[in-house]
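In mature numbering (1 follows the signal peptide of the UniProt record, and there is no 0), the protein residues as written are -33 to -1, 1 to 484.
Everything below concerns the one structure shown next.
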Amino acid sequence: MKTKMSNRFAQVFACLCVGVLVLSLVVSSSAPSTDNTVTLKFYDAQGSGTELSADEAKSVIHGNGGYDSDALLDPATMQDLAMHPLYEGGTPRRWQFDIPGRPVAFAVNWPTKRGFSFVILDDSGTGFRTGRTVVFNYQAAVDAMRRLEAALDARPDYHRSNEWAAAYAAAESNLSNARHARTDSDRGKYGQLALDAIHLATDTLLAEYGPQYAKSRRTDPQIGLTVDKIGTPAEWSTLAQRISRSYGWVRIVFDPGVDDEDDRKQPDPEVYRQAVETARTAGLKILGQPVDSYFANRYTTEEYLTRVRAYVTAFPWIDAWEVGNEVNGCWLDRKTDDQGTCTEQQVPHEDRIINKIDQAAQYVRQQRPDAMVVLTLYWQIGTDSPEWSTFNWARANLTPEIRRNIDTVLLSTWVEDAPLGLAFDQVMTTLLDEFAGKKVGLGELGYWLASTSRLYWAFDPLDVASARRELAAYYYGAALGYERSVGGGYWWDFVDEMPTDPGLQQAVLQVTNRLAN
């Protein structure tokens, strides 16, 4: 269950909004030097060329909620340098941020016609170094176009489709209009229209290229699905095999509420034997998850390891073990209330998730040296404090000793909580750079569950089922197109959603077919 998400999200942002309000009042009451102050002019997301007031811009940024997502990043490493740097200033009042004595990129959640993206303005790649007034939509398009060109250069063997060519032509045309515009209104208008087209061109490139790359490089790709409840193993294993074929993996979540741990004080893996053996008989490879992130903070390190030992012993032939799930979420190292909301109370130092990961990875490596050891990070920048941001947390906590026992690093993505969109390629390449020599991929996908925040729409703002299908088709395909990527995906609500949604099945199957044919 991902019941942690909406509750954790609300609690974190409730704390952050108070802190940001105080910070904004402090910052705006001082007189920042104009030579290091960037002023942002936001124009409407429909491409009409209407400048938005500060309140109107924030309303767009907030999506369906009232939470900020702006951040300053290191333009090269995606290190989260500052949380919510925007403040109101100038006449008329516009959103501004100050450059903190080093080059920075500015990032925020912003919509295109394909939904919300984590949009990064990095001023031609080097970061903002001096203050000036910037038309947000135009600068976003300029920087996104530069990344699209770089993505094309990195994929000289990409077979360009007519759909991609049309989107690229629209991007070039609108960006040219923006460059030659005589007013900021037109720059904002054509900048947003260009950003829409660049988003489509980028998505088309990545989704089409992924299976092409994996097939030509024979990368041993995974088409992964998550089994978070036992259900009827014969039915879901048959469906999983049909839509994933020889590339099929299932991640089986071993739930302490199911394996009688609460009553027996230790897990009973036999509860899952039929599910595991049915999946294996169907020809599916298995990723075992002894502890989902939702439950991790209830255990001491020794209790956590007890679950890992029990399942590895019971199923010694499982192909891969996830020794930590969504490990940079605040809810793993803080106590949570009855609704799963993070509190300020930290778990004891000896029971921090890094200790659990370390010992679990060592155990699996020693007992099952042929099994893949998997660690899953949670994608988030700007939607929680920097210490929990994906790359900040990894660099601060995953020591060389821990990394040595990890084979594969996956990314859990819930885009209604923390959008990716246009940032996907940059995030994946940063993940590859951060974990040199390791395999990477997507370890969790899903969309618009009741237990998530539902703040930011993707692909279709009105039709959730259509959006799910487009999201699955895109991310399953795009994740395959990287050196050392396993692809993965691992649709979280597979058992509940896919059997009754032929369109969602087809979205995954079409990626499988492109790998096979």
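Heads up, the beta-carbon is just placed ideally off N, CA and C, and yes, glycines get one too.
Legend entry - Proximity below 8 Å, CB of residue 375 to CB of residue 211: no
Legend entry - Distance, residue 414 Cα to residue 446 Cα: 17 Å
Legend entry - Every unbroken beta strand (DSSP E) inside the stretch 296 to 368 [3 residues or more]: 301 to 303, 309 to 313, 339 to 345
Inset, instruction - Using a threshold of 8 Å, state whether the C-beta atoms of residue 298 and residue 322 are closer than that. - result: no
Inset, instruction - Please go through the stretch 54 to 129 and give each complete beta strand (DSSP E) segment of 3 or more residues, from N-terminal end onward. - result: 54 to 56, 61 to 65, 72 to 79, 82 to 88, 99 to 102
Legend entry - Through-space distance from residue 443 to residue 434, alpha-carbon basis: 14 Å
Legend entry - Proximity winner among 417, 418, 438, relative to residue 425 (alpha-carbon distances): 438
Inset, instruction - Would you decide whether residue 154 is buried or exposed? Buried here means 16 or more other CB atoms lie within 10 Å of its CB. - result: buried
Legend entry - Reference residue 120; option with closest CA among 176, 37, 230: 176
Inset, instruction - On a CA-only basis, which of 135, 127, 98 is nearest residue 113? Give me that one, please. - result: 135
Legend entry - beta strand (DSSP E) segments (min. 3 residues) lying fully within the stretch 202 to 245: 215 to 220
Legend entry - Beta-carbon gap between residue 248 and residue 166 smaller than 8 Å: no
Inset, instruction - Please report the residue range of the beta strand (DSSP E) in which residue 471 lies. - result: From DSSP, residue 471 is part of no beta strand (DSSP E) but of the alpha helix (DSSP H) over 469 to 483.
Inset, instruction - Taking the CB atoms as reference points, tell me whether residue 257 and residue 335 lie closer together than 8 Å. - result: no
Inset, instruction - Pick helix, strand or coil for residue 284, following the three-state DSSP scheme. - result: coil
Legend entry - Buried or exposed by the 16-neighbour rule on C-beta atoms within 10 Å, applied to residue 368: exposed
Legend entry - Same chain only: Cβ atoms within 8 Å of residue 382, ignoring 5 sequence neighbours per side: 82, 83, 388, 414, 423, 425, 438
Inset, instruction - Provide the residue(s) that pair with residue 171 in DSSP beta bridges, ordered along the chain. - result: Residue 171 is not bridged to any residue.
Inset, instruction - Starting from residue 379, follow the beta strand (DSSP E) in both directions and report where the run begins and ends. - result: 375 to 379
Inset, instruction - Taking only the alpha-carbon atoms, compute the straight-line gap between residue 193 and residue 35 and give it to the nearest angstrom. - result: 31 Å
Legend entry - residue 487 versus residue 133: straight-line alpha-carbon distance, rounded: Absent from the model: residue 487. The displayed extent of the chain is -33 to 484, so no value can be given.
Legend entry - Alpha carbon of residue 187 to alpha carbon of residue 455, nearest angstrom: 11 Å
Legend entry - Exposure label - residue 260; buried when at least 16 CB within 10 Å: buried
Inset, instruction - Compute the distance between the beta-carbons of residue 52 and residue 94, then report whether it is under 8 Å. - result: no
Inset, instruction - Could you check if residue -5 is buried or exposed, using at least 16 other CB atoms within 10 Å of its CB as the buried criterion? - result: For residue -5, the predicted structure reports a pLDDT of 31, less than 50, and the residue's modelled location is therefore unreliable. The matter cannot be settled from this model.
Legend entry - Whether residue 393 touches residue 440 by CB criterion (8 Å): no
Legend entry - Residue range of the unbroken beta strand (DSSP E) whose run includes residue 49: 47 to 50
Legend entry - Member of 436, 411, 252, 181 whose CA lies at the smallest distance from the CA of residue 207: 252
Inset, instruction - Could you tell me the boundaries of the beta strand (DSSP E) in which residue 20 lies? - result: Note, residue 20: premise wrong, no beta strand (DSSP E); not H, not E.
Inset, instruction - Answer yes or no: do residue 234 and residue 277 have a C-beta to C-beta separation smaller than 8 Å? - result: yes
Inset, instruction - Using three-state DSSP, classify residue 279 as helix, strand or coil. - result: helix
Legend entry - Coil, strand or helix - residue 162 by DSSP: helix
Inset, instruction - Pick out whichever of 189, 141, 152, 178 has its Cα sitting closest to the Cα of residue 164. - result: 141
Inset, instruction - State the Cα-Cα distance for the pair residue 344 and residue 379, rounded to the nearest angstrom. - result: 6 Å
Inset, instruction - Can you grab the Cα-Cα spacing for the pair residue 223 / residue 12, in whole Å? - result: 45 Å
Inset, instruction - Kindly list the residues whose CB is nearer than 7 Å to the CB of residue 273, restricted to its own chain and excluding five residues on each side of it in sequence; keep chain order. - result: 233
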